[in-house]
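The sequence shown begins at 33 in the working numbering and counts up one residue at a time. C-beta: ideal position from N, C-alpha, C; glycine also.
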Amino acid sequence: MEERPIIIKKVKKKSAGAHGGSWKVAYADFVTAMMAFFLLLWLLSMVSPDKRAALSEYFRNYSIFKEIGASMLGGKESSVISTQIQVVQGQAGRTPRQEMVDPAKSLTPTKEEIEKRLKTSIAEKLESLKDQVLIDIVNAGVRIQIVDKEGSEMFRLGSADPTDRAREVLKVVGDVIAELPNRVVIEGHTDAAPFRGVQNTNWELSTSRASSARRELEKRGLDPSRISKVIGYADQELLIPEDPRDARNRRISIILLQ
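In structure tokens form, the structure reads like this:
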């Protein structure tokens with residue numbers, strides 16, 4: 033019987049290519065990243081607009097150098113950042129830029145708020161004298177004028193010593209403004225009736241009365257460093273110019289600068 037030759041067949045397996053299955057890894061990474069992205073979008077949709085604005089501003093102004101400085105300074109830098117990102121609560125629909133509040137301004141009420149606070153306090157505590165306390169808004173800020181009227185003077189004739197009425201008014205006013213951060217200007221005014229003491233005129237008298245008012249306010253807790261100016265105008269800035277000798281021209285003006 034004739035023997036058949038033995039044939040050995042070598043089969044070479046072809047490789048899948050230079051990249052093999054690495055595309056699967058890349059695809060898996062892509063899918064994972066997309067899932068994380070959509071999860072982030074879902075989480076952001078659950079956060080209120082004001083918090084999203086604060087978060088946006090934080091990362092927009094984030095600096096690794098500030099964070100390092102914060103740890104080296106015991107957290108002082110972090111407290112600065114936290115005060116810079118103040119969000120007005122409950123103001124949905126405002127833009128992130130509008131949500132940001134200047135720390136210095138956030139501590140200072142508006143002119144209207146100060147005016148309302150003062151008028152409320154005067155109405156509640158000085159019912160009998162409220163017609164002698166005039167409160168209005170001027171360009172410089174909020175002005176409080178404590179005026180005389182016939183039979184109810186704030187200072188004795190020719191004197192810089194406040195009466196009990198004046199002290200009562202200055203006490204109420206002082207309690208309110210002592211809690212505010214505004215700088216203060218105190219002005220003294222007289223009427224046009226000529227006054228000449230031994231060494232005094234209406235100029236000295238108005239200045240002395242303004243300084244007396246300053247001392248009374250400081251007793252009520254006004255920080256002396258907040259006093260911007262104490263000045264006397266004599267009869268040069270009359271409240272009732274058509275009647276220069278009207279008692280209401282004799283007054284103390286306290287201006288809360290804004």
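Sequence-distant residues of its chain with Cβ nearer than 8 Å to K143 (five each side left out) | Cβ within range, chain order: I169, G173, V174, Q290.
Considering only residues of the same chain and omitting the five flanking positions on each side of T140, which have a CB-CB separation below 8 Å?
-> L212, P213, N214, Q290, listed in sequence order.
Rounded straight-line distance, which links the Cα of F69 to that of S77 | Whole-angstrom Cα-Cα distance: 12 Å.
Endpoints, the beta strand (DSSP E) within which I287 is located | 283-289 is the extent of the beta strand (DSSP E) around I287.
Could you say which of A279, R282, I209 lies nearest to P256 if we only look at CA atoms?
-> Of A279, R282, I209, the residue nearest in Cα terms is I209.
Where in the region 136-171 do unbroken runs of the alpha helix (DSSP H), each at least 4 residues long, occur, reported from the N-terminal end onward?
-> Counting only runs that start and end inside the region 136-171, the alpha helix (DSSP H) elements of at least 4 residues fall at 143-157.
Roughly how many angstroms separate the alpha carbons of V204 and A198, rounded to a whole number?
-> V204 and A198: Cα-Cα distance of roughly 10 Å.
Residues that DSSP places opposite F187 in a beta bridge = P194.
Would you say G264 touches the ligand COA, meaning its beta carbon is less than 7 Å from a heavy atom?
-> The model on display carries no ligand, and the ligand COA is accordingly not part of it.
Which whole-angstrom value is the C-beta distance of H221 and E269, which I expect to be below 8 Å?
-> About 6 Å separates the CB atoms of H221 and E269; that is less than 8 Å, so the two are in contact.
Between R282 and the rest of its own chain, which residues show a CB-CB distance below 6 Å, the 5 nearest in sequence each way excluded?
-> Result list for R282: D180, T222, D223, in chain order.
Tell me whether Q121 is buried or exposed, calling it buried when 16 or more other Cβ atoms sit within 10 Å of its Cβ.
-> In this prediction, Q121 has a pLDDT of 41, which is less than 50 and means its spatial position is unreliable; what the coordinates show is noted afterwards. By the beta-carbon neighbour count (other beta carbons within 10 angstroms, threshold 16), Q121 is exposed.
Assigned exposure category for M66 - 16 Cβ within 10 Å defines buried | Exposed.
Element boundaries [alpha helix (DSSP H), containing E182] = It is not in any alpha helix (DSSP H) - E182 carries neither H nor E in the DSSP assignment.
Are there 16 or more other CB atoms within 10 angstroms of the CB of I40, so buried, or fewer, so exposed?
-> It is exposed - the Cβ of I40 has fewer than 16 other Cβ atoms within 10 Å.
Check the C-beta distance from P194 over to S244 and give it rounded, since I have them as a contact under 8 Å.
-> About 6 Å; that satisfies the 8 Å criterion.
Just curious, the beta strand (DSSP E) that E219 is in, first and last residue?
-> Membership of E219 in the beta strand (DSSP E) is indicated by the continuous run 216-221.
Proximity winner among A266, L288, I38, E147, relative to L308 (alpha-carbon distances) | Nothing in the structure corresponds to residue 308, since the chain is present only between 33 and 290.
Cβ-based neighbour list, K108, same chain, cut-off 6 Å, excluding 5 preceding and 5 following | Any reading at K108 must be qualified, since the residue scores a pLDDT of 41, below 50, and its modelled position is unreliable; the value itself is stated next. No residues qualify anywhere along the chain.
Neighbourhood of T233 by C-beta, 8 Å cutoff - its chain only, sequence neighbours within 5 removed = The residues are F227, A266.
At what residues does the alpha helix (DSSP H) containing V63 begin and finish?
-> For V63, the enclosing alpha helix (DSSP H) starts and ends at 54-77.
Out of A58, I178, K151, which has the shortest C-alpha to C-alpha gap to E200?
-> Ranking A58, I178, K151 by Cα distance to E200 puts I178 first.
Can you tell me which of S238, G206, F91 puts its alpha carbon nearest to the alpha carbon of I146?
-> Checked all of S238, G206, F91; the closest Cα to I146 is G206.
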